[in-house]
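Enquirer: Each residue of the sequence shown is one higher than the one before, counting from 22 in this note's numbering.
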Amino acid sequence: MRIGALFVFGILMLNAVGGLSVATAQTAANAGSAVSDFGSCLASQQTGDLLLLIDESSSLQTSDPDAARVSAANFLLDRLAAFGESAAVDLNVAIAGFSSDYTVHTEWIALDSGSVPTLKSSIEQFRGRTTGVDTDYWGAMNGAQNDLRDRPQNADGSSRCQAIAWFSDGKLDFTERDASKPYAPGIDLGSPEGVKQVVAAATESICRPAGIADQVRSAGIKMFGIGLASGTAAAADFDLMHAITSGASGDGASCGAVQAPSPGEFFLAQNIDDLLFAFDSFSTPGQAPLERESGVCVQQVCEEGKHRFVLDRSISAVNVLAFADAEGLVPTVVAPNGAQLALPLTALRTDSRGQLAGIEINYRWESPNSVSFSMSDAGSDQWQGVWALAFVDPTGAAAQARSKSNIHISGNLFPAWLGQKTTAVHTGEKTSAIELGIVGADRAPIDPASLLGTAMLSVSVVDSSGTVHDVAAPLPKDRIGESVELDLTDVPPGDATLRLTLDVTTADATRVDGGVEPGTALTAQSVDIALPIAPPIGYPSLPARVDFGTLEGAGIFERDLDVTGAGCVRLDSGQSVSFTGSPDGIGSVALTGPAEEAQCLESGGTLPVSIDIENAVNGTVSGTMSLLVSPVGESDREISVPVQFTADVQKPVDTGTFWLTLIVALLLGPGIPLLLLYVGKWLTAKIPPGGLKAQQFPIEIRNGEILRDGRPFGLRDRDLVDSVRGMHEATRILDAAGVELRTHVGLSPVGAGYVSARLPGMLGASGSNPATDKAGDAQLPLAVHNSWAVFHDPNGSPEVATLLLLISTDADKNRVERVLDDARRNVANAVSQLRGRAVDTSGASGPSDSGTPPGSPIVDPFGNSQVGAQSGGYPAEGSAWAPPGTSAGTADPFAPPSGFDPFGPPDSRGRQ
C-alpha cells in the first residue's frame, strides 16, 4: 500500500495546463532564471557537471509503460553534446537512479560525440528499472549533493558550475514494510501512520532552513525537475518536488530559506512530447530557445502557419524541436528563396537527412507528433535570410490543429572582459578603465563591426546578497571595445559576480514577396566572472570564504582567518550568523571570535575564529558571518564585510561500541574473530594501483606563507614529470621521489590502515587527520594519490622544510590546484606543530638517528575524540603535543614496544 505525501503539503492544486499540451517552465523565464544562470557560469568557466537523476519506482510500470523518459533523456544527451561542442564547453555527466536508495549507475564522464553511445546505453537500462518500492526524495537529494560535492573544486574556491536534472512520476512516497529511514530514527514504516510520519520527517529535513534543499542551493547547484503527471499521478502530487526544485510550488508553498538566486526550474509533463520539450528547455544552458506557436496549413505551406526566424552570417547553427497536436501532419522547412523540404515520418527515432538550398538538414521524429532537425552554415548563399517551418495537413482533416516550436539559434557570441586582470577592486570607487568585447566559441576576439545586425553589451554586478547593480552604461555595437569604468559606489564589499550580457539581433532580411522581415532577437548571452569586492582603500581586506576543513566530533574548532593590510577587525556581535546548511541532529552551532574589542594589525595577519558544534554528526555546515573592519584608530568608520564559511563534520568512531564488540568477540572466539579482523585488515592495507607522480620541493615559510625560491609556492612546466614505479598493482611499500611510503595496519582491528611517509632525519606531517603517526612520520590515507606531506628538522631553521606532492597522473588542473591550496593553508601550521610539540616523554625533541623521536608515546588506537578539535589534525595553540587519546608525556600502558606493528611489512630497521 502506498501512502501519499499530501499529509504534509495538503491539496495544493497546480494551475490547469491549457492550450498546447507541451511543458513550460513553472518559474519565470527571465534573465535570472536557473537555466540562464547555469549557462552564464558555463560560458565563463567552460566546464561543469550535470547529474541525471531518474526515478526507478514501480509506479513507472503504469505511468510510463513505453519508457518515454528514456527517449527524452537520450534526446537531451544529443542536444547537450551538440551544445558542448559548438560552445566549447566541457560538460561532465553522471547518471544515477533513486527509489528506496540512491544508486550511481554511470560515473562522471566527459560528454561529447564519442561518449554519447556509452551514456545512452546506460539510460536504456532504465527501461527495466521499475521495481523500486519507494519514491524517496530525501535519498535522491542527499546522494546527489554528496556526489557533486566530491567533484574537483575550482582553484579560487568559487562554486563549480553544477546542476541536477531529476525526473519522477510521483510524490514523496513509501511502501508499508518493516523498515526505517535514517532521517526518521525510531519510526517504523510498517503502518499507514508510520509512513505519514516518515514523509513528514523527510519533508522537514529537506525543506527546513539550512536543510538539504538549502545545502544544495548554497553550493551553487541548480536543479531542473521534470514531473510526469501520467497514470494515477495528479498535478498536485508534484507540489513538493516543484518546491524543492524552484523554491516554491505553483501556489506559493515554499521549501527552504535560500530563494535567491533562482534555485531551479520545474516542468510538468503528461506525455512524451511534454517530456521532450521539458528536457529541451535546458539543453542549451544560457541560450534559451525562441518559442513560436501558430496554427497549421492545409495541403500547402501558408504564411499564417509559418514559424519564422531570420539568420545572418553571425549564426553558425540552428536546432529546432517542433510539435503539432495532431498526427499525420508534414513539417516543411522553407528556405529564404522559397524552396521547400518536407520532413515526412518514415520511422520513429531514426536519423534522416535532406538537402535544401545547398544546406544539409538532419532530422528525426522523436514521437508521432514531435520532430527535431538541425542545420549549419556551410557557405551557401541562401543561409542568410528568412527561414520558416510550417506543419502541413495533407488531407485537411486537422485544419484546427495547433503547432509549437523551440528554435535554438547558435551564434556562439559571448561578451568578454578583454585582457582580464584579477586586480583588487574596492567598494565606493570607480575601477580603472577596462576593455569589454565580443569573443567566439574559441574565445578569440570578434570585431563587433563584422556583425550585420545590432548588438548591445550591458554590465552589472551581483553582490553577495543577490542584488543586481548596474555599474556602467550599456554599450551599443559601435562602442563595444571602448574603455569602460565600473562604478562600484553602491556595491557593498564581499563576494560578488561581474555579469556581462550580450544582446544580439540578426540583420533584417528581404522576403520572397519583397517585404522586409525584421531580424530575430536572439536570447541574451551572459557570462559571469568572479569579482570579489574589497573594503575601501585604507581598510584591511578579508577572504571571501573560509574553510574550517574536516572536523571530527563535537566541540570547539578554531581557524585562523587571513587578514591583508593594516587595520582592525572583529566579529559583528550585533549581526547573527546566517546558516545555509547544517546536518540533521547537529544541535546548536555558533561562531565566536573577537567581538567586543577589535584586533588591530599593523601590516596584516590572522584573526582567530572558532566554530562550536553541539552534537557529532556527518554532513556539511555552511553559512555567512559578518565581520566589522576599520582603519587603525578609526573605529567609528567600521563597515560590515560578509565572509562565507564551510566545514565538513564527521562523527567519530563509537569507542564504547567497539570495546563491547571486541569483548564479545574474545569471549566467543576465543580470539579467533579478532584475529580474522586483523587478517582482513592486513590483506586490504595496500596502496591502490594507479599512475602516481611525486616530487620533493625545498620550501621556506615566512609569515605563514610557503615560498619557493623566495616567491609564493607554485608549480612550473617541468614539475611532476617523474612517475613512481610499482604503481601497476596494489603495494605495501614504495619509493616516492626518495620518500619511503609504507603501509601499516595499526593497533585497532577495525577501520582502514594507513601509509607512513618517511624522510630520514626529519619529522613529517600531512593534511590528513591525524597528520603524524606514532613514529613521527607523516601519516597518509592508503589512497595516497592527490595528497601532500611536509618534512622538517626541528633542530634546524624554523623557516626551512621539504614539501612532497603526490599527484595522480590523470588529475586535472583543478584537482592539482585543490591539493596545492590545501598545502598552502596548512603547511606552515604543520611545521609549527612538528617544531614545538613533537616532544617525547623524556623531554628530548627532534628526530633520533633512526628518524624516530626517542620515547615517542603510542597513539591511542581507538581515536579519542579530543583530537580533531583543530582543522587538519593539529593540536590547539598553546597545548603540548600528544598523540590522539593521550595526554602529553603519557604513553599507552597496553601498547607494544614503540614503532612495532605486527602486521606491517618486514623492515630491517625493526620500525614501521
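Don't be surprised by glycine CBs; every beta carbon is placed ideally from N, CA and C.
#1: Is Thr527 helix, strand or coil when you go by DSSP?
#2: Where do the N-terminal and C-terminal ends of the beta strand (DSSP E) with Val351 fall, by residue?
#3: Looking at the unbroken beta strand (DSSP E) that takes in Met748, where does it start and where does it end?
#4: Looking only at DSSP bridge pairs, what is Cys621 linked to?
#5: Would you mind reading off the limits of the beta strand (DSSP E) that contains Phe600?
#6: Three Cβ pairs or more, each shorter than 8 Å: is that satisfied between the region 261 to 278 and the region 217 to 235?
#7: 8 Å is my cut-off, CB to CB: does Ile130 come that close to chain C?
#8: How about the region 368 to 384 and the region 424 to 443: do they share at least three Cβ pairs that are nearer than 8 Å?
#9: Assuming the contact rule is C-beta atoms closer than 8 Å, Val18 and Val322 should be a hit. Round their C-beta distance to whole Å, please.
#10: Pick from Pro389, Asn358 and Ile455: whose alpha carbon is nearest that of Leu366?
#11: Alpha carbon to alpha carbon, how far is Ala715 from Asp463?
#12: For the pair the region 587 to 595 and the region 513 to 526, tell me if three or more CB-CB distances fall below 8 Å.
#13: Identify whether Pro875 lies in helix, strand or coil by the three-state DSSP scheme.
#14: Do the region 203 to 220 and the region 107 to 124 touch if we need at least three Cβ pairs shorter than 8 Å?
#15: What are the uninterrupted segments assigned as beta strand (DSSP E) that are 3 or more residues long and contained completely in the region 623 to 677, given in chain order?
#16: Gly920 to Asp730, Cα distance in whole Å?
#17: Three-state secondary structure (DSSP) at Ser337?
#18: The beta strand (DSSP E) that contains Ala21, what's its start and end?
#19: Starting from Ala184, trace the beta strand (DSSP E) both ways and give me its first and last residue.
#20: Start and end of the beta strand (DSSP E) containing Ile227?
#21: Can you tell me whether Ser304 is helix, strand or coil according to DSSP?
#22: Give every residue of the same chain whose Cβ lies closer than 6 Å to the Cβ of Asp549, excluding the five residues on either side of it in the sequence, and list them in chain order.
#23: Which same chain residues end up closer than 8 Å to Pro469 when comparing Cβ atoms and leaving out the 5 residues on each side of it in sequence?
#24: Under a three-way DSSP split, which group does Glu506 fall into?
#25: Look at the alpha carbon of Val154 and the alpha carbon of Val567, and state the distance between them as a whole number of angstroms.
#26: Distance check for Thr667 and Ala934, CA to CA, integer angstroms please.
#27: Determine the contact status of Gly644 and Phe600, defining contact as a CB-CB distance below 8 Å.
#28: Since Trp809 is in the beta strand (DSSP E), which residue starts that stretch and which ends it?
#29: Drop a sphere of 10 angstroms on the beta-carbon of Asn816, count the other beta-carbons inside from all chains shown, and report buried for 16 or more, exposed for fewer.
#30: What whole-angstrom Cβ distance do Lys425 and Phe344 have, given they're in contact under 8 Å?
#31: From the DSSP output, in three-state form, read off Leu332 for me.
#32: Using the DSSP secondary-structure output, state which residues sit across from Cys276 in a beta bridge.
#33: I'd like to check one pair, Thr452 with Pro557: are the Cβ atoms closer than 8 Å?
#34: I'd like the span of the beta strand (DSSP E) that includes Met396, first residue to last.
#35: Taking the alpha-carbon of Leu350 as reference, which of Pro357, Ala363 and Ala356 has the nearest alpha-carbon?
#36: With H, G and I counted as helix, E and B as strand and the rest as coil, what does DSSP make of Met162?
Expert: Considering the structure as presented:
#1: Coil at Thr527, not helix or strand.
#2: Val351 -> beta strand (DSSP E) spans Val351 to Val355.
#3: From DSSP, Met748 is part of no beta strand (DSSP E); its letter is neither H nor E.
#4: Under DSSP, Cys621 shares a beta bridge with Cys589.
#5: Counting along the chain, the unbroken beta strand (DSSP E) around Phe600 starts and ends at Ser599 to Gly602.
#6: Cβ pair count under 8 Å is three or more, so yes.
#7: This model lacks chain C altogether; it includes just one protein chain.
#8: The region 368 to 384, when compared against the region 424 to 443, does not touch it at the 8 Å Cβ threshold.
#9: Outside the shown range of the chain, which is 22 to 933, sits residue 18, and nothing can be said about it.
#10: Minimum Cα-Cα distance from Leu366 among the listed residues Pro389, Asn358 and Ile455 corresponds to Pro389.
#11: When rounded, the distance between both Cα atoms is 34 Å.
#12: With fewer than three CB-CB distances shorter than 8 Å, the region 587 to 595 does not count as touching the region 513 to 526.
#13: Because Pro875 sits at a pLDDT of 35, beneath the cut-off of 50, its placement in the model cannot be relied upon, and the following sentence gives the value as read from the coordinates. Correct three-state label for Pro875: coil.
#14: With the rule of 3 Cβ pairs closer than 8 Å, the region 203 to 220 does not count as touching the region 107 to 124.
#15: Along the region 623 to 677, the beta strand (DSSP E) occurs as fully enclosed runs of 3 or more residues at 626 to 634, 640 to 651 and 660 to 671, listed in sequence order.
#16: Because Gly920 sits at a pLDDT of 41, beneath the cut-off of 50, its placement in the model cannot be relied upon, and the following sentence gives the value as read from the coordinates. Rounded to the nearest angstrom, the two C-alpha atoms are 36 Å apart.
#17: The three-state secondary structure of Ser337, taken from DSSP, is coil.
#18: With the chain running from 22 to 933 in the structure shown, residue 21 is simply not present.
#19: Residues Gln183 to Ser189.
#20: First-last for Ile227: Pro213 to Cys228, but that is the alpha helix (DSSP H), not the beta strand (DSSP E).
#21: If DSSP states are grouped into helix, strand and coil, Ser304 belongs with coil.
#22: Closer than 6 Å at the Cβ level, and outside the excluded window around Asp549, lie Ser61, Cys62, Ser65, Thr518 and Arg520.
#23: For Pro469, where only same-chain residues beyond five positions count, the Cβ hits under 8 Å are Gly458, Ile459, Ala476, Lys498, Asp499, Ile501 and Gly502.
#24: Under the three-state reduction of DSSP, Glu506 is assigned to coil, being neither helix nor strand.
#25: If I take the Cα positions, the gap works out to 42 Å.
#26: This structure cannot speak to residue 934, because the chain is shown only from 22 to 933.
#27: Their beta carbons are under 8 Å apart, which means Gly644 touches Phe600 by this criterion.
#28: Ser808 to His813 is the span of the beta strand (DSSP E), which, as asked, contains Trp809.
#29: Around the C-beta of Asn816, fewer than 16 other C-beta atoms lie within 10 Å, and the residue is accordingly described as exposed.
#30: For Lys425 against Phe344, the beta-carbon gap comes to about 5 Å, under 8 Å, which counts as contact.
#31: Correct three-state label for Leu332: strand.
#32: By DSSP's assignment, Cys276 forms no beta bridge with any residue.
#33: No.
#34: For Met396, the enclosing beta strand (DSSP E) stretches over residues Ser391 to Ser397.
#35: Here the closest residue by C-alpha is Ala363.
#36: In this structure, DSSP gives Met162 a helical state, which the three-state scheme calls helix.
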